[in-house]
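Q: This is the structure I want to talk about, given as structure tokens.
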Amino acid sequence: MSKSAILSSSIAKKYWMALTGLFLCLFLVGHLIGNLQLIFITGEEGKRAFNEYAHFMTHNPAIKALSYLTYFSIIFHSIDGIMLAIKNKKARPQNYAYNNPGANSSTPSRYMAVLGTLILVFICTHMANFWGKMHFDTIPLHTKTIEIPNEMGGEAQKVELYLTTKGDYVAAQQFEVRNETEFYVKDLDLKMGEGYKDLHGLVMSFFGQNKPGFDKNDLAPFAVILYMLAMATLGFHLWHGFSSAFQSVGVRVSSYKHPIEIAGKVFSVVVPGLFAIIPLIIYLF
Ligand code: HEM
Numbered sequence: 016m017s018k019s020a021i022l023s024s025s026i027a028k029k030y031w032m033a034l035t036g037l038f039l040c041l042f043l044v045g046h047l048i049g050n051l052q053l054i055f056i057t058g059e060e061g062k063r064a065f066n067e068y069a070h071f072m073t074h075n076p077a078i079k080a081l082s083y084l085t086y087f088s089i090i091f092h093s094i095d096g097i098m099l100a101i102k103n104k105k106a107r108p109q110n111y112a113y114n115n116p117g118a119n120s121s122t123p124s125r126y127m128a129v130l131g132t133l134i135l136v137f138i139c140t141h142m143a144n145f146w147g148k149m150h151f152d153t154i155p156l157h158t159k160t161i162e163i164p165n166e167m168g169g170e171a172q173k174v175e176l177y178l179t180t181k182g183d184y185v186a187a188q189q190f191e192v193r194n195e196t197e198f199y200v201k202d203l204d205l206k207m208g209e210g211y212k213d214l215h216g217l218v219m220s221f222f223g224q225n226k227p228g229f230d231k232n233d234l235a236p237f238a239v240i241l242y243m244l245a246m247a248t249l250g251f252h253l254w255h256g257f258s259s260a261f262q263s264v265g266v267r268v269s270s271y272k273h274p275i276e277i278a279g280k281v282f283s284v285v286v287p288g289l290f291a292i293i294p295l296i297i298y299l300f
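In our numbering, the protein residues as written are 16 to 300.
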């Protein structure tokens, strides 16, 4: 293969890596806004907002298409990144006699492949814990318990209600759940509506809160620490990756160079930083 063909394929690889990387940055912003509901809206209102949001994200056809684009981008970006790293290493078989990488490149830029691989491991375990359970497991449905006062002066009666996708609450004891989320009138073959999987409860219990219907997670402190370390890794990856992606797609011309670099540094601190406080706040409060 001619030298120019190798160069152009490397350039093509960098270009596609940059495009998929920038798309994944957009995904991160959307995902962060959705997840911030977990800590900024409390009580039944927060639980309802998050479960309705998760239901919309998994049922809306346009969002589903974006999800497939996200999975594709993660796979493509990772494979391309690993191939580029191997190619770069092969192009430099021997260590230079004078090797001082710190003199002309930042620390994160020299570890992009390692940081990216750690993030990929995080994404796989993260998806197994939440996305996989949401899509393929039977998890408890969104319920709310109300207390009906006893007019005779005795103990109040507790009634469990299911939230339906039409936005109302129905008494759980009147229905049996079939096909994971569908409510049927007991003893009749009559479907009366559908409920929401309680993804909010799943996330809350994963990070240490006691939620009815979910097992207590004794490993929650480790999960919180691992999530925070993963977010630090993501921050380092973005520190170099964000502005480098603009350069690879040809946007970082001299007049935009400085603002893009500043935006990249702000993005790489603020976005992973906000992601990192979510598990911590859930665990602590
Ligand atoms: C504290 C931080 C985070 C929390 C609480 C969180 C929570 C969740 C939840 C609950 C889901 C399942 C959503 C569903 O299936 O409807 C999900 C999916 C996902 N998460 Fe996260 N996430 C966090 C951070 C991240 C980060 C930093 C990344 C990437 C580096 C990430 C990548 C993904 C991906 C790729 C999916 C699948 C999205 C889809 O199907 O469209 N998450 N996350």
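C-beta atoms are modelled at their ideal positions from N, C-alpha and C, and glycine is treated no differently.
Please read all numbers here as calculations on a predicted model, not as lab measurements.
Let me make sure I understand the geometry here. Which of 230, 208, 210, 209 has the alpha-carbon closest to that of residue 218?
A: Closest option to residue 218, Cα to Cα, is 230.
Q: Relative to the C-alpha of residue 226, which residue among 147, 156, 33, 101 is closest?
A: 156
Q: Out of curiosity, what's the CA-to-CA distance linking residue 207 and residue 199?
A: 6 Å
Q: Quick one: give me the first and last residue of the beta strand (DSSP E) that residue 208 is part of.
A: 206-209
Q: Consider the C-beta atom of residue 146 and the heavy atoms of the ligand HEM; say whether any pair is separated by less than 7 Å.
A: At least one heavy atom of the ligand HEM is nearer than 7 Å to the Cβ of residue 146, so yes.
Q: Near residue 51, which residues of its chain fall below 8 Å by C-beta distance, leaving aside the five closest residues on each side in sequence?
A: When the five nearest sequence neighbours on each side are left out, the beta carbons in the same chain lying within less than 8 Å of the beta carbon of residue 51 are those of 289, 293, in order along the chain.
Q: By Cβ distance, which residues of its chain are closer than 8 Å to residue 248, with the 5 residues on each side in sequence left out?
A: Closer than 8 Å at Cβ, skipping near neighbours: 130, 133, 134, 137.
Q: Can you determine whether any heavy atom of the ligand HEM sits closer than 7 Å to the C-beta of residue 27, and answer yes or no?
A: no
Q: Closer than 7 Å by C-beta to residue 222: which residues in its own chain qualify, once you throw out the five before and the five after it? Chain order, please.
A: So the qualifying residues of the chain are 235, 238, 239, 294, 297, 298.
Q: Tell me the DSSP secondary structure of residue 196 in three-state form.
A: Correct three-state label for residue 196: coil.
Q: Taking three-plus beta-carbon pairs below 8 Å as touching, is the segment 85-102 in contact with the segment 29-49?
A: yes
Q: Select from 158, 53, 166 the residue whose C-alpha is nearest the C-alpha of residue 183.
A: 158
Q: Quick one: using the 10 Å Cβ neighbour count with 16 as the cut-off for buried, is residue 216 buried or exposed?
A: buried
Q: Ignoring anything shorter than 4 residues, give me the alpha helix (DSSP H) runs that lie fully in the segment 45-100, in order along the chain.
A: Taking only runs of at least 4 residues, the alpha helix (DSSP H) segments lying wholly in the segment 45-100 are 58-74.
Q: Give me the Cα-Cα distance between residue 60 and residue 178, rounded to the nearest whole angstrom.
A: 12 Å
Q: The ligand HEM and residue 32: does the residue's C-beta get closer than 7 Å to at least one heavy atom of that ligand?
A: No, the ligand HEM has no heavy atom inside 7 Å of this Cβ.
Q: With DSSP as the reference, label residue 162 as helix, strand or coil.
A: strand
Q: Check whether the Cβ of residue 72 lies closer than 7 Å to any heavy atom of the ligand HEM, and answer yes or no.
A: yes
Q: Return yes when the C-beta of residue 97 is under 7 Å from any heavy atom of the ligand HEM, and no when it is not.
A: no
Q: In the DSSP assignment, find the alpha helix (DSSP H) that holds residue 276 and state where it starts and stops.
A: 269-299
Q: Residue 294: beta carbon under 7 Å from a heavy atom of the ligand HEM?
A: Yes; taking the cut-off as 7 Å, the Cβ of residue 294 has a heavy atom of the ligand HEM nearer than that.
Q: Is the closest heavy atom of the ligand HEM to the C-beta of residue 46 under 7 Å?
A: yes
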